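Undergrad: Have a look at the structure that comes next, please.
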Amino acid sequence: YPSSKRCFDCGHIMPKMPLNVREWTCPECGETHDRDVNAAQNILAAGLAVLACGEAIRPARKLNSQREGKLQRSRKAN
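According to our numbering, the stretch in the sequence shown is residues 619 to 696, in order.
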């Protein structure tokens, strides 16, 4: 996975980039990247995509206290 060579903003992949190049500018969108920060952003995005398993990623909803009480009562009845 070319995490340090893939532009986090537009997805363009640099064909070659020696390890001594620490900062680069994407020829497609013009965004300037720190190599390590760009790689970290790409790895995080890839990890979140795997965790989503095809679903949209959004914060979990909290049940309100009224609904929790109803759930507890119905479980006790069974």
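The beta carbon of each residue, even a glycine, is placed where N, CA and C say it ideally should be.
Keep in mind it's a predicted model, so treat the numbers as computed, not measured.
1. Considering residue 654, what are the terminal residues of the alpha helix (DSSP H) in which it resides?
2. Within a Cβ cutoff of 6 Å, which residues of the same chain sit near residue 650, ignoring the five residues on either side of it in sequence?
3. Within 10 angstroms of its Cβ, does residue 625 collect 16 or more other Cβ (buried), or is it exposed?
4. Can you give me the Cβ contacts of residue 635 inside the same chain, cut-off strictly under 6 Å, excluding the 5 residues immediately before and after it?
5. Given residue 632, which residues of its chain have a CB within under 6 Å of its CB, disregarding the five upstream and five downstream residues?
6. For residue 638, count neighbouring C-beta atoms within 10 Å of its own C-beta (all shown protein chains included) and say buried if the count is 16 or more, exposed if not.
7. Assuming residue 641 is part of the beta strand (DSSP E), what are its boundary residues?
8. Roughly how many angstroms lie between the CA atoms of residue 641 and residue 665, to the nearest whole one?
TA: In terms of the structure at hand:
1. First-last of the alpha helix (DSSP H) with residue 654: 653 to 670.
2. Taken in chain order, the residues that qualify are 643.
3. Answer is buried; the Cβ neighbour count reaches 16.
4. Within the same chain, residue 635 has close Cβ partners 623.
5. The answer, listed in chain order, is 623.
6. Flag for residue 638 reads exposed.
7. Where residue 641 is concerned, the enclosing beta strand (DSSP E) stretches over 641 to 643.
8. Between residue 641 and residue 665, the C-alpha separation is close to 23 Å.
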